[in-house]
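Residue numbers (my numbering): 1107 to 1545. Just so you know, even glycine gets a beta-carbon here, dropped at the ideal spot from N, CA and C. Everything on this sheet refers to the single structure shown next.
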Ligand SMILES: NC(=O)c1ccc[n+]([C@@H]2O[C@H](COP(=O)([O-])OP(=O)(O)OC[C@H]3O[C@@H](n4cnc5c(N)ncnc54)[C@H](O)[C@@H]3O)[C@@H](O)[C@H]2O)c1
């Protein structure tokens, strides 16, 4: 039996063993779904602490249901390890490792390389490898394939199948989870794509859309995220203009979105956050430069979005000015350091940049975030307030809302704060507004 047929049979009969490399925000929910669909699943991670937690049935990712994880571990369907020699036991491997930027905003592909090298050493014949990490077009064929072939001595297409299928998880989204979000699959070769797609069909309750190559799938993921990045930049720039014109951009967007076609609402904010939207477009601009091509829209939107934390602080300065206060020495209470509402992820969070800008100007800072009791930034650890009290609110010269968490008592914020700068318009339904200014 050839590789394709063998793998197809194992997938359809659920006899395939799945490996998920990287047990983070993307990998752990994926590992849980594979195991829930009846595939014995092994998670691989370099962090022993995460591996130990999974093996103890302890969940650490918001989108995973604790009881699901525990039951799967207890039944033996899900386990985790730091030992890559177990790669020899798996038939399907999904790679979900980080793809950040380095200090110079260049792609840091070292996690993809490192995990591929570790997999290659133990890769056996008749295995599928799928990269899910967001990356520039060409990564799967030009970077991953040679590493896997060299390290294993196997031939892609003959001995093992390789493809790219971007992860689209939106942490904290109550409707769309890993299980019901449509998936795009691009394998090396049409048949490989069908087999990889079949694997996802067995696991997910969503459409699986096949494309002609990994590069198309890699590019479509960057298109999705660049689309968001650029549209957010558009509303952020127009927000700065609207402030000068004396109109509310929030009201403008709400009006525009009554158009039933041709417009999608994006909202302003203090900047971009998370491991995707602020970073991924730069993977493309980096790749484009290899071809002497400049992705000018990405550069322009980066300039606008990167300016927003500073703009937020300067608008707060205007508010303080009305009270004859300078930022220097002002007591500033930041509400929210997570990059978006109702999650604990603060990677690339614009709130951290807002805090940094306030610090540079000599403000006296404190923060409260019900999801992030402490955070680390540039080597320092910051502790948040344990609770949001009327005293803490009243003590602040200005309260700056940087994350729209839903479990904050905004009535109380309005009642006790001297001045509020709301960058998320989260207080829009509060009727008393004398002390509220919106971005
Ligand atoms: N977080 C999101 O919302 C999201 C959404 C869609 C796509 N993505 C993409 O998915 C990828 C993973 O993102 P994430 O948010 O899950 O990252 P994460 O940091 O939460 O998790 C990555 C995990 O990989 C592990 N890891 C690092 N190097 C490894 C190696 N060599 N071998 C094994 N494990 C290793 C880390 O220890 C960590 O546990 C990124 O490319 C990201 O752009 C993320």
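Nearest to residue 1438 (by Cα), restricted to the options 1274, 1470, 1423 and 1466:
Residue 1438 sits at position 332 when you count from the first residue of the chain shown. Nearest to residue 1438 by C-alpha distance, out of 1274, 1470, 1423 and 1466, is 1470.
Taking residue 1391 as part of the alpha helix (DSSP H), name the residues at either end of that continuous run.
Here the question's residue 1391 lines up with position 285 in the chain shown. Its alpha helix (DSSP H) spans residues 1386-1396.
Beta strand (DSSP E) segments (min. 3 residues) lying fully within the region 1196-1269
For secondary structure counted as the beta strand (DSSP E) over 3 or more consecutive residues, the region 1196-1269 holds these complete runs in sequence order: 1198-1201 and 1233-1237.
Report the CB separation of residue 1169 from residue 1204 in whole angstroms; it is logged as a contact under 8 Å.
Indexing the chain shown from 1 puts residue 1169 at position 63. Indexing the chain shown from 1 puts residue 1204 at position 98. For residue 1169 against residue 1204, the beta-carbon gap comes to about 17 Å, at or over 8 Å, which does not count as contact.
Which residues in the same chain have their Cβ closer than 6 Å to the Cβ of residue 1305, if we skip the five residues on either side of it in sequence?
To locate residue 1305, count along the chain shown from 1; it is residue 199. If we look at residue 1305 and ignore the five residues flanking it on each side, its Cβ neighbours are 1117 and 1198.
Coarse secondary structure for residue 1098, derived from DSSP in three states
Outside the displayed span of the chain (1107 to 1545) sits residue 1098, for which this structure offers no information.
Can you find at least 3 beta carbon pairs, one from the region 1409-1422 and one from the region 1369-1383, that sit closer than 8 Å?
With contact defined as three or more Cβ pairs closer than 8 Å, the region 1409-1422 and the region 1369-1383 are in contact.
Can you list the beta strand (DSSP E) stretches of 3 or more residues lying completely in the region 1506-1534, in chain order?
Runs of beta strand (DSSP E) with 3 or more residues, each lying fully within the region 1506-1534, are found at 1526-1528, listed in chain order.
Tell me, to the nearest whole angstrom, how far the beta carbon of residue 1221 is from that of residue 1234; I am working on the premise that it is less than 8 Å.
Sequence index remark: in the chain shown, residue 1221 carries index 115 (1-based). Sequence index remark: in the chain shown, residue 1234 carries index 128 (1-based). Not really, about 15 Å apart at Cβ, beyond 8 Å.
Hey, how far is the Cα of residue 1148 from the Cα of residue 1413?
Within the chain shown, the letter at position 42 stands for residue 1148. Within the chain shown, the letter at position 307 stands for residue 1413. Distance between the alpha carbons of residue 1148 and residue 1413: 43 Å.
Taking the beta carbon of residue 1281 as the centre, do at least 16 other beta carbons fall within 10 Å, making it buried, or is it exposed?
Working through the chain shown from its first residue, we reach residue 1281 at position 175. By the Cβ neighbour-count rule, residue 1281 is exposed, with fewer than 16 other Cβ atoms within 10 Å of its own.
Using 7 Å as the cut-off, classify the Cβ of residue 1274 as near or not near the heavy atoms of ligand 1, replying yes or no.
As a first step, residue 1274 is located in the chain shown; it is residue number 168 there, counting from the start. For residue 1274, the shortest separation between its Cβ and any heavy atom of ligand 1 lies below 7 Å.
N-terminal and C-terminal residue of the alpha helix (DSSP H) that residue 1109 is part of:
Taking the first residue of the chain shown as position 1, residue 1109 is located at position 3. Residue 1109 -> alpha helix (DSSP H) spans 1109-1118.
Are there any heavy atoms of ligand 1 lying less than 7 Å away from the beta-carbon of residue 1271, as far as the coordinates show?
Start at 1 with the first residue of the chain shown, and residue 1271 comes out as number 165. Outside the cutoff, so no.
In the DSSP output, what is residue 1552 paired with across the bridge?
What the structure shows of the chain is the stretch from 1107 to 1545, and residue 1552 is not part of that stretch, so it cannot be assessed.
Restricting to Cα atoms, I'd like to know which of 1155, 1138, 1501 and 1164 is closest to residue 1435.
Here residue 1435 is taken as the residue at index 329 of the chain shown, counted from 1. Considering only alpha carbons, the answer is 1501.
Buried or exposed: residue 1242, going by 16 or more other Cβ atoms within 10 Å of its Cβ?
As a working mapping, residue 1242 is identified with position 136 in the chain shown. A buried status is given to residue 1242, since no fewer than 16 other beta-carbon atoms sit within 10 Å of its beta-carbon.
What residue from 1188, 1344, 1406 and 1239 has the CA that sits closest to residue 1150's CA?
Locating residue 1150 in the chain shown gives position 44, counting from the first residue. Selected option, being the one with the closest Cα: 1188.
Cβ-Cβ separation, residue 1238 to residue 1623 (assumed contact under 8 Å), whole Å
The question about residue 1623 has no answer, for the chain in this structure spans 1107 to 1545.
Give me whichever residues DSSP pairs with residue 1185 in a beta bridge.
Sequence index remark: in the chain shown, residue 1185 carries index 79 (1-based). Secondary-structure assignment with DSSP links residue 1185 through a beta bridge to 1148.
So, with DSSP's three-state summary, where would you put residue 1125?
Here residue 1125 refers to the residue found at position 19 of the chain shown. Here residue 1125 sits in strand by DSSP.
Only counting the same chain, and skipping five residues up and downstream in sequence, which positions put a Cβ closer than 6 Å to that of residue 1356?
Locating residue 1356 in the chain shown gives position 250, where the first residue counts as 1. Short of 6 Å from the beta carbon of residue 1356, and not among the five residues preceding or following it, lie these beta carbons of its own chain, in chain order: 1531.
Could you tell me the alpha carbon to alpha carbon distance between residue 1361 and residue 1537, rounded to whole angstroms?
Taking the first residue of the chain shown as position 1, residue 1361 is located at position 255. Taking the first residue of the chain shown as position 1, residue 1537 is located at position 431. Distance between the alpha carbons of residue 1361 and residue 1537 is about 20 Å.
Enclosing alpha helix (DSSP H) for residue 1425 [first to last residue]
Looking up residue 1425 in the chain shown gives position 319. It spans 1402-1428 - the alpha helix (DSSP H) in which residue 1425 sits, taken as one unbroken run.
Any non-hydrogen atom of ligand 1 closer than 7 Å to residue 1229 Cβ:
For the purposes of this step, residue 1229 is taken as residue 123 along the chain shown, with counting starting at 1. For ligand 1, no non-hydrogen atom lies closer than 7 Å to the CB of residue 1229.
Bridge-paired residues (DSSP) for residue 1554:
What the structure shows of the chain is the stretch from 1107 to 1545, and residue 1554 is not part of that stretch, so it cannot be assessed.
According to DSSP, is residue 1333 helix, strand or coil?
Numbered from 1 along the chain shown, position 227 holds the residue referred to as residue 1333. Three-state result, residue 1333: helix.
Residue range of the alpha helix (DSSP H) that includes residue 1370
Along the chain shown, one-based indexing puts residue 1370 at 264. Where residue 1370 is concerned, there is no enclosing alpha helix (DSSP H), given that its DSSP letter is neither H nor E.
For residue 1520, count neighbouring Cβ atoms within 10 angstroms of its own Cβ and tell me buried if that reaches 16, exposed if not.
Position 414 of the chain shown holds residue 1520. In the assembly as shown, residue 1520 is a buried residue. Its beta-carbon has 16 or more other beta-carbons within 10 Å.
Backbone secondary structure at residue 1486 - three-state DSSP
By 1-based counting over the chain shown, the position of residue 1486 is 380. Here residue 1486 sits in strand by DSSP.
Just the C-alpha distance for residue 1517 and residue 1274, rounded to the nearest angstrom, thanks.
On the chain shown, residue 1517 is found 411 positions in, with the first residue counted as 1. On the chain shown, residue 1274 is found 168 positions in, with the first residue counted as 1. Rounded to the nearest whole angstrom, the CA to CA distance from residue 1517 to residue 1274 is 35 Å.
Helix, strand or coil for residue 1191 per DSSP?
Residue mapping note: residue 1191 aligns to position 85 of the chain shown, counting from 1. In the structure shown, residue 1191 sits in a helix (DSSP, three-state: H, G or I).
Residue 1340 versus residue 1404 - alpha carbon distance
Position 234 of the chain shown, counted from the first residue, corresponds to residue 1340. Position 298 of the chain shown, counted from the first residue, corresponds to residue 1404. If I take the Cα positions, the gap works out to 11 Å.
How long is the line joining the alpha carbons of residue 1489 and residue 1142, rounded to whole angstroms?
On the chain shown, residue 1489 is found 383 positions in, with the first residue counted as 1. On the chain shown, residue 1142 is found 36 positions in, with the first residue counted as 1. The straight-line gap separating the alpha-carbon atoms of residue 1489 and residue 1142 is approximately 37 Å.
Environment of residue 1183 [buried if 16+ CB atoms lie within 10 Å]:
Here residue 1183 refers to the residue found at position 77 when the chain shown is read from its first residue. A residue is called buried when at least 16 other Cβ atoms come within 10 angstroms of its Cβ; residue 1183 meets this threshold and is buried.
Does the CB of residue 1518 have a neighbour CB from chain D at under 8 Å?
Among the chains in the structure shown there is no chain D, since it carries only a single protein chain.
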